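Working notes for the structure below.
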Ligand code: DAT
Ligand code: MG
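In mature numbering (1 follows the signal peptide of the UniProt record, and there is no 0), the protein residues as written are -17 to -1, 1 to 152.
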């Protein structure tokens, strides 16, 4: 009963609805190998975003090909899949207001040569083919990617104690 009242309230509360946007981030094998997992996660925690799901896994070629299906015709596709399949990755779901757009800003551009200092790619990597982190580029692709990498029951519903200090309303 309380859950359905909360769900109903959220439908009529734009601020709450916006706060519930989710993105899919994945630390790539180079982030794991270089010991950057903690540092990168810390950036999203410190920003105020909320971690909803996280795994540590060695992704199959099949899953990676599905994840990057839109890029299948590009010449770099085989090397992209090989790189992504070369070691463990850390897929995650993060939640927060405008987290998809802000997440992309925090990542920096696809080619690190254009990524501003202060961004993850700007600070930690040099080449496009070793750009250490994936982030969804739109709300729709985030939803698709979250569904590809996580079962619904793996997404943890929880209220952050910092919520009212991160959001004014
Ligand atoms: P992003 O990861 O910034 O969303 P994307 O979706 O266009 O970029 O491409 C996915 C990944 O594919 C990217 O992180 C690295 C690789 N990639 C993209 N363009 C490339 C290129 N021109 N050469 C080599 N790898 C590339
Ligand atoms: Mg992309």
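Every residue gets a Cβ at the ideal spot worked out from N, C-alpha and C, and that includes glycine. Values in this document were obtained by computation on a predicted structure and should not be read as measured data.
Query, Result
"Thinking C-beta only, is residue 90 closer than 8 angstroms to residue 118?", "yes"
"Within 7 angstroms: the Cβ of residue 6 and any heavy atom of the ligand DAT?", "no"
"Taking DSSP as the reference, what is the three-state secondary structure of residue 33?", "strand"
"Less than 8 angstroms separating the beta-carbons of residue 27 and residue 76?", "no"
"Consult DSSP for residue 17 and reduce its assignment to one of helix, strand or coil.", "coil"
"Helix, strand or coil: which one does DSSP assign to residue -11?", "For residue -11, the predicted model reports a pLDDT of 46, less than 50, meaning its position is unreliable; a value from the coordinates is still stated below. Helix, per DSSP."
"According to the Cβ coordinates, are residue 13 and residue 115 closer than 8 angstroms?", "yes"
"Can you give me the C-alpha to C-alpha distance between residue 24 and residue 17, rounded to a whole angstrom?", "14 angstroms"
"Flag residue 152 as yes when its Cβ comes closer than 7 angstroms to any non-hydrogen atom of the ligand MG, and as no otherwise.", "no"
"Compute the beta-carbon to beta-carbon distance between residue 85 and residue 104, rounded to the nearest angstrom, for a pair I have assumed lies under 8 angstroms.", "Not quite, the Cβ-Cβ distance comes to about 15 angstroms (not below 8 angstroms), so this is no contact."
"Counting along the chain, where does the alpha helix (DSSP H) carrying residue 89 start and finish?", "82 to 90"
"Taking residue 9 as part of the beta strand (DSSP E), name the residues at either end of that continuous run.", "5 to 10"
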